[in-house]
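Visitor: I am attaching a structure below and will ask some questions about it afterwards.
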Amino acid sequence: MSRKEGAYYERRGCAMATEKEVIDALKDLNPKSVSVDSEGRIIIKDEAAKKRLEQLQGENHKRGGNNYINCDC
Amino acid sequence: MSGLSAAFMNTSLALIIMPTEKCNYRCTYCYEDFLAGKMPRDVLDSLLEFLSKRIPELTNLEISWFGGEPLLAIDVLDEVMSFCHSEATKHSVALSSGISTNGHLLSPNIFSLLVQKNVLRYQITMDGPKQFHNARRKRKNAEGDYDLILRNLFFICETNANFDLNIRIHVDRANSECMDDLMADITLIGKDPRTTLCFERVKNLGHQLPPDIKPMGQSEFHCFVTKFISNPKYAHFKFDNVLDKIDTHVCYAALPNNFVVRSDGRLQKCTVALNNSINTVGKIEKSGRLSINDQYLKWISVWQQQDTALLACPARYFKSSSTLG
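These protein sequence lines are chains L and V, in that order.
The opening position of the first sequence corresponds to residue 3 in this note's numbering, with each subsequent residue numbered one higher.
The opening position of the second sequence corresponds to residue 5 in this note's numbering, with each subsequent residue numbered one higher.
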């Protein structure tokens with residue numbers, strides 16, 4: 003996501019998880035708990051942070067979208 | 005913001021690919037060194053191999069083309085986008101793509117090919133009206149080509165293609181007084197509902213600015229933009245300078261699922277700090293596998309700090325730290 007797109011969706015008022023919600027969800031994230039495997043998958047060992055992120059993703063679905071690419075609200 | 009939580013999920017991947025780094029331009033303020041050439045066959049094969057393994061697990065794939073100048077390696081772009089389109093269709097993955105180009109090679113034929121390949125977001129920079137643009141956005145061995153770029157933009161706006169065009173306008177104290185001339189030249193392009201205009205101030209991004217560029221301070225820039233875009237004669241233009249107003253936005257470099265793919269196969273996070281060793285977080289191996297090093301953690305560490313300025317520009321943190329490469 004480019005900064006411009008971020009701003010774009012923020013301005014459009016998309017009813018999805020806000021940047022602040024996501025930043026808050028990652029408040030106590032230990033960076034050492036995040037890694038990338040050889041296939042490019044992100045591995046988050048911090049279960050609490052992972053759960054909070056998954057909840058936000060779930061919220062996104064409930065609010066009517068699931069990704070930024072097709073978001074057109 | 006919608007995409008942020010997805011950036012931590014394995015179902016979403018964003019790549020900024022530099023298919024060549026030997027630009028046909030030598031903009032007088034550019035921070036790139038133009039040393040790495042076109043992506044060689046073995047790196048391209050490795051990238052395709054990586055994508056072939058990754059795409060089936062995704063719901064969203066975002067490919068951005070950067071260079072410069074990405075259109076000099078249109079064959080690489082064509083091959084990658086053809087592959088991604090085919091695999092994304094097969095696995096029901098939402099594929100989205102955009103390009104930052106100087107516009108020199110954005111001929112009707114190339115534009116048509118790009119649209120066909122699903123490259124639908126365009127960012128083209130203008131450095132002000134003709135005299136400023138041509139003096140600052142110089143070609144390798146010649147002046148700039150303002151007229152050609154405008155012709156290319158006029159053409160794409162005459163098509164029915166479903167694209168977004170962002171014209172980024174570089175502004176400094178020297179050219180700010182002449183912006184009305186540029187606006188007059190791009191009136192038809194700017195009126196197109198698919199076009200957005202965005203002012204950016206010229207900044208030193210790692211290369212000494214030439215003396216003819218007089219950078220604006222942030223508040224000076226804000227005043228300029230606010231005054232300019234509130235002028236009723238520009239009411240029909242769509243300006244996007246919301247970036248400077250929002251409290252929190254996150255740079256792609258801070259997103260775990262976002263990688264810059266250099267033409268030599270290095271994986272980085274930031275498209276500006278290209279020669280900073282901290283920026284190199286790994287590489288694509290010949291097998292298509294990624295080897296990620298410990299520098300990656302430094303980019304993720306900005307989340308822990310909860311500092312919105314760092315999330316907006318993680319590279320700022322590394323510049324101020326003693327570990328700068």
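We put the beta carbon where it would ideally sit given N, CA and C, even for glycine.
Given the structure is predicted, the values throughout are model-derived calculations rather than measurements.
Return helix, strand or coil for H174(V), following the three-state DSSP convention.
Guide: strand
Visitor: I want to see whether chain V comes within less than 9 Å of A27(L), judged by CB atoms only; does it?
Guide: Output row for A27(L): interface = yes.
Visitor: Locate the alpha helix (DSSP H) running through V206(V), then write down its first and last residues.
Guide: No alpha helix (DSSP H) holds V206(V); DSSP gives it neither H nor E.
Visitor: To the nearest angstrom, report how far apart F263(V) and C27(V) are at their CA atoms.
Guide: 21 Å
Visitor: Roughly how many angstroms separate the alpha carbons of Q135(V) and I78(V), rounded to a whole number?
Guide: 29 Å
Visitor: So is D46(V) buried or exposed if we call it buried at 16+ other beta carbons inside 10 Å?
Guide: When all chains shown are included, D46(V) counts as exposed.
Visitor: Cβ atoms of S101(V) and C88(V): under 9 Å apart, would you say?
Guide: yes
Visitor: Under the assumption that L154(V) contacts I160(V) (Cβ atoms under 8 Å), give the Cβ distance between them as a whole number of angstroms.
Guide: With 8 Å as the limit, L154(V) and I160(V) do not qualify as a contact, their Cβ atoms being about 11 Å apart.
Visitor: Would you kindly work out how many angstroms separate the C-alpha atoms of N164(V) and A139(V), rounded to a whole number?
Guide: Cα atoms of N164(V) and A139(V): separation of roughly 33 Å, rounded to the nearest angstrom.
Visitor: Checking the sheet assignment: what are the DSSP bridge partners for L39(V)?
Guide: Looking at the DSSP assignment, L39(V) forms no beta bridge with any residue, so it has no partner.
Visitor: Tell me, which residues are paired with L69(V) by DSSP?
Guide: The displayed chain sequence assigns Trp, not Leu, to residue 69(V). Answer is I21(V), I103(V).
Visitor: Find the nearest neighbour of Y33(V) within the set L209(V), R198(V), M13(V), judged by alpha-carbon distance.
Guide: L209(V)
Visitor: Taking the beta carbon of D176(V) as the centre, do at least 16 other beta carbons fall within 10 Å, making it buried, or is it exposed?
Guide: buried
Visitor: Can you tell me where the beta strand (DSSP E) holding F263(V) begins and where it ends?
Guide: Its beta strand (DSSP E) spans residues 262-265.
Visitor: Do the stretch 226-244 of chain V and the stretch 274-292 of chain V touch if we need at least three Cβ pairs shorter than 8 Å?
Guide: no
Visitor: Using a Cβ cut-off of 9 Å (strictly closer), state whether K34(L) contacts chain V.
Guide: Closer than 9 Å to some Cβ of chain V, the Cβ of K34(L) qualifies, so yes.
Visitor: Based on the DSSP secondary-structure assignment, which residues constitute the bridge partners of V123(V)?
Guide: Per DSSP, S101(V).
Visitor: Tell whether a beta-carbon distance below 9 Å holds between V36(L) and D48(L).
Guide: Cβ atoms of V36(L) and D48(L): closer than 9 Å.
Visitor: Could you tell me whether any non-hydrogen atom of the ligand MG is closer than 8 Å to the CB of E36(V)?
Guide: With respect to the ligand MG, the structure shown offers nothing to examine, as it has no ligands at all.
Visitor: Please state the DSSP three-state secondary structure of T275(V).
Guide: coil
Visitor: Could you tell me the distance, in whole angstroms, from the CA atom of N106(V) to the CA atom of A178(V)?
Guide: 21 Å
Visitor: With H, G and I counted as helix, E and B as strand and the rest as coil, what does DSSP make of G194(V)?
Guide: helix
Visitor: How many whole angstroms separate the CB atoms of A319(V) and C274(V), which I take to be in contact at a CB cut-off of 8 Å?
Guide: Yes, they are in contact, since the Cβ atoms of A319(V) and C274(V) sit about 5 Å apart, within 8 Å.
Visitor: Please state whether the Cβ-Cβ distance between L81(V) and H108(V) is less than 9 Å.
Guide: no
Visitor: Taking the straight line between their C-alpha atoms, what separation do you get for C202(V) and L157(V)?
Guide: Their Cα atoms are separated by approximately 16 Å.
Visitor: Can you list, in chain order, the residues of its chain whose CB lies under 6 Å from that of K22(L), leaving out five sequence neighbours each side?
Guide: none
Visitor: Run down chain L in chain order and give the residues with a C-beta less than 9 Å from the C-beta of L301(V).
Guide: P33, K34, V36, S37
Visitor: Look up L169(V) in the DSSP assignment and say whether it is helix, strand or coil.
Guide: Note: L169(V) maps to strand in three-state DSSP.
Visitor: I'd like to know whether the C-beta of L52(V) is nearer than 9 Å to at least one C-beta of chain L.
Guide: So no, L52(V) is outside the interface.
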